[in-house]
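These notes are about the structure you will find just below.
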């Protein structure tokens, strides 16, 4: 039904285009001078049909699901449902939905089947109504647009105004996304802080999110102090930078000044490949090769190494960040004006002295920006740590131990079926909020540094 | 010659001596810096080759699969025609397997079960499908090529070593002897593993394939493209060609740059809370995955499009304006077509990034266990990277090489997409 709706919308808008173009052409043929060429008359008709009705259809489709659910749930007999908690209500709704979808487990109660039937009825009615509404509104708009074809009608201005509006809308999607992220995180985080005090979260030294689901289950009481998780994140980030910064910077200096043209031709794409490898591949690499290797080396010299040591995750993340830092540093050093280099060489500096004493210091702001962006990447990187780092949060800075990170916790808390009202799920959003704020802060700072520096030489 | 000139000459000689004597040291420093540079590059190159090498060396084995050729007598007593599609398909298979081993007691159920473990669990379903499709086969003897179970596959590939003690292996000495007998009889073959591409996920490594994941990734990328391509181009055109330079457009620009650097897992949280929680879209659906990836790909497309639009020389715009085109006509009729190769290149690179993105898909449930390929973007599915994640977590030995093979397939797609992008760039890029 939805496909049919979209098909009707598309067909009517196209025919609106063709109809108005032909009408305008016949005016031309009749010897009149038109303000706009026939294509614009057609475009005007097509756009005035497509844009409003498409908005209507999309809004309808978004609202239809929650609305039908709400009507069905509101009409349930109160004797059976009574005062259910929101989790139980969600479960009930899911059951009714699966009955409506034809998947029955056992023999559900009669009132559930009736509710499912009602749900199916409302759904069908809503799609049918949408189809009729689309048909009707497109036809009305088609007639209206058709009536506008006259020699004086400013169709070009009309359609250009609509297109301009569409372009503005496109560019605001980025803003809406940011707003969406902030609101989504904020709502769930506020819910979380209603269950767990803010101070416990921010200053607590214990992270044990495994809380009992049923009353009789034996599990830890649940503790939500994020500091051990933050510490783990920092340990892995520092390890990653320990590899990425020296290797990245030295290779950038070499590529920028010393590398023969041929080597540069090979090395640049090589680094690009390294940057293009998906992180899930790095994660598997860490588990398959790096972690066993580190463990073997540790055993050989008698060091106790945990199976998912922070060193494996951090090291592989460092490898992932090498091309990032290297290309940033290369760009920053290339942006240093030629005159500075020539001046240094003319004063008798060797090329190494010129790079290390003149070009590198001059490029430091850009390089610092790149390193900061790498830090924010390392903090937000998910797949490598999910696969290679540990799950248990412990307050340690020993890189051979197993540590956990913010992203690991977010993923493990949210994998599987989730309901939105227990602290375990909501904790993931609170962590997400912290992650977003930290990386946002670093990013803004880094972008500002890079920009400021770029302007200095222009 | 006066005193000061003499003095300056001695200064020059003394400093030139100083310079010459320190020159060697300074050149040594330069050499060391170069060596460090080569070492750093070598380290990066070595890591890349270890990465690719280790994955290729463990993955190539999954591209072949050990098969067993069987002459199966479809016993009407075990599979009565009127009871189809039910019947003792597994018993029939094991019996035909037992016919190769005269000294195996057919009535000993435990031994028969041990023997049956050579066959993949999927073999009986293959047989069932064939007989249901053609019930006339009941009573006949048919020839079948079925995959062997994972431990035997690993044995044939040398991953399970014969010299490990029996109690540390998954299969016993007797079972190895059986397998060797079958191999001697010439019944074992190792053809190319088409099932890796034609079947969907399975609990059994020898049956698991990537079809579901490839189809899921296709739907997600299609949705991602349909949303992010027009929105990205529209936003770029507005910002580059029409936007007044004021606070609002500055704000939009900062926003886009920030979005490009927001961790991917945060987009997953957004999708979980907004698309699934508020809009009520189905979990695990490629539609939601594609929408999420679209939000992440959009900044890439916007940045690439702006660069491509900037590269079109102003003379084109001026010429079009000069003969009376409106500003929009200039952009849509002249600038945009010229910028299109650059835009497409950027878009393909953005989509390649989206193809490898995993974390947001995990949060919206695209890591479910799904044994069929999705027929539409609204059905549950996995994607290639999430399938890699699922397999990497599976304990069975066979999944290690399947994971590596899946990674090779993913890298293959990425190379293909980037290759197309490079081709487009080289073929259509113009120097103005």
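Residue numbers (my numbering), protein chains in the order written: chain A, 12 to 469; chain B, 728 to 1159.
All residues carry an ideal CB built from backbone N, CA and C; glycine is no exception.
Just so you know, these numbers come straight off a predicted model, no measurement behind them.
Strand pairing of residue i, partner residues [DSSP]
| i | result |
| --- | --- |
| residue 235/A | 218/A |
| residue 875/B | 846/B |
| residue 1045/B | Answer is none; residue 1045/B lacks a bridge partner. |
| residue 795/B | 873/B and 915/B |
| residue 800/B | 868/B |
Presumed contact (8 Å Cβ cut-off) between residue i and residue j, rounded CB distance
| i | j | result |
| --- | --- | --- |
| residue 801/B | residue 865/B | 5 Å |
| residue 1017/B | residue 1087/B | Actually they do not touch by this definition, with Cβ atoms about 11 Å apart. |
| residue 682/B | residue 1093/B | Past the boundaries of the shown model lies residue 682/B; chain B is included only from 728 to 1159, so the question cannot be answered. |
| residue 170/A | residue 13/A | Going by Cβ atoms, the distance from residue 170/A to residue 13/A rounds to 28 Å, so no, they are not a contact pair. |
| residue 126/A | residue 107/A | 5 Å |
| residue 812/B | residue 855/B | 6 Å |
| residue 847/B | residue 931/B | 6 Å |
| residue 1137/B | residue 289/A | 7 Å |
Assigned exposure category for residue i - 16 Cβ within 10 Å defines buried
| i | result |
| --- | --- |
| residue 388/A | buried |
| residue 1108/B | buried |
| residue 785/B | buried |
| residue 353/A | exposed |
| residue 891/B | exposed |
| residue 1024/B | buried |
| residue 1020/B | buried |
| residue 442/A | buried |
| residue 44/A | exposed |
| residue 1060/B | exposed |
| residue 306/A | buried |
| residue 746/B | exposed |
| residue 450/A | buried |
| residue 461/A | buried |
| residue 908/B | exposed |
| residue 1111/B | buried |
| residue 901/B | exposed |
| residue 392/A | buried |
| residue 750/B | exposed |
| residue 1157/B | exposed |
| residue 167/A | buried |
| residue 83/A | buried |
| residue 424/A | buried |
Partners in chain B for residue i, counting only beta-carbon separations shorter than 9 Å
| i | result |
| --- | --- |
| residue 3/A | No information on residue 3/A is available, as it lies outside the stretch 12 to 469 that chain A covers here. |
| residue 175/A | 965, 969 and 1055 |
Within chain B, partners of residue i - CB distance below 8 Å
| i | result |
| --- | --- |
| residue 52/A | What residue 52/A touches in chain B: nothing, since even the nearest Cβ is about 15 Å away. |
| residue 4/A | No information on residue 4/A is available, as it lies outside the stretch 12 to 469 that chain A covers here. |
| residue 167/A | 1053 |
| residue 10/A | A query on residue 10/A cannot be resolved here, the shown segment of chain A reaching from 12 to 469 and no further. |
Within chain A, the residues that residue i reaches when beta carbons sit closer than 7 Å
| i | result |
| --- | --- |
| residue 777/B | 300 |
| residue 754/B | 361 |
Under 9 Å from the C-beta of residue i: neighbouring residues of chain E
| i | result |
| --- | --- |
| residue 1101/B | Here chain E cannot be found, since the structure's protein chains are A and B. |
Residues that residue i contacts on chain A, provided the C-beta gap is smaller than 8 Å
| i | result |
| --- | --- |
| residue 870/B | Near residue 870/B there are no residues of chain A at all, since even the closest Cβ is about 39 Å away, more than 8 Å. |
| residue 694/B | This structure cannot settle anything about residue 694/B, because the visible part of chain B is limited to 728 through 1159. |
| residue 1108/B | Neighbours of residue 1108/B on chain A: none; closest Cβ ~17 Å, over 8 Å. |
| residue 772/B | 278 and 281 |
Chain A contact residues for residue i, given Cβ-Cβ distances below 9 Å
| i | result |
| --- | --- |
| residue 1116/B | 291, 294, 295, 394, 397 and 398 |
| residue 1042/B | Ordered by position in chain A, no residue passes the 9 Å Cβ test against residue 1042/B, which lies about 23 Å from the chain. |
| residue 1018/B | What residue 1018/B touches in chain A: nothing, since even the nearest Cβ is about 11 Å away. |
Contacts of residue i in chain B (Cβ-Cβ under 7 Å)
| i | result |
| --- | --- |
| residue 412/A | Those within 7 Å of residue 412/A in chain B number zero; the least Cβ separation is about 22 Å. |
Query raised in the report: Are the region 170 to 187 of chain A and the region 73 to 88 of chain A touching by the rule of at least three beta carbon pairs closer than 8 Å?
Result: no
Query raised in the report: If we count Cβ pairs, one from each stretch, closer than 8 Å, do we get three or more for the region 18 to 25 of chain A versus the region 52 to 71 of chain A?
Result: Contact between the region 18 to 25 of chain A and the region 52 to 71 of chain A is present: three or more C-beta pairs spanning the two stretches fall below 8 Å.
Query raised in the report: Below 8 Å, can you find three or more Cβ-Cβ pairs linking the region 315 to 333 of chain A to the region 1132 to 1152 of chain B?
Result: no
Requested in this report: Could you say if the region 1069 to 1080 of chain B and the region 995 to 1004 of chain B meet the contact criterion of at least three C-beta pairs nearer than 8 Å?
Outcome: no
Query raised in the report: Between the region 367 to 379 of chain A and the region 325 to 335 of chain A, are three or more C-beta pairs nearer than 8 Å?
Result: No, the region 367 to 379 of chain A does not touch the region 325 to 335 of chain A.
Query raised in the report: Given 8 Å as the limit, is there contact between the region 256 to 268 of chain A and the region 335 to 355 of chain A, that is, 3 or more CB pairs closer than that?
Result: The region 256 to 268 of chain A, when compared against the region 335 to 355 of chain A, does touch it at the 8 Å Cβ threshold.
Query raised in the report: Would the region 906 to 925 of chain B and the region 987 to 997 of chain B be scored as touching if the rule is three or more Cβ pairs under 8 Å?
Result: no
Query raised in the report: Taking contact to mean at least 3 C-beta pairs separated by less than 8 Å, is the region 961 to 976 of chain B in contact with the region 1034 to 1051 of chain B?
Result: yes
Report task. Could you tell me whether the region 201 to 217 of chain A touches the region 410 to 430 of chain A, where touching means 3 or more Cβ pairs closer than 8 Å? Result -> no
Query raised in the report: Contact between the region 116 to 123 of chain A and the region 146 to 161 of chain A: three or more CB pairs below 8 Å?
Result: no
Query raised in the report: Is the region 975 to 982 of chain B close to the region 1047 to 1060 of chain B, with three or more CB pairs under 8 Å?
Result: no
Query raised in the report: Is the region 757 to 775 of chain B touching the region 267 to 282 of chain A in the sense that three or more CB pairs, one from each, lie closer than 8 Å?
Result: The region 267 to 282 of chain A makes contact with the region 757 to 775 of chain B: 3 or more CB pairs, one atom from each, lie closer than 8 Å.
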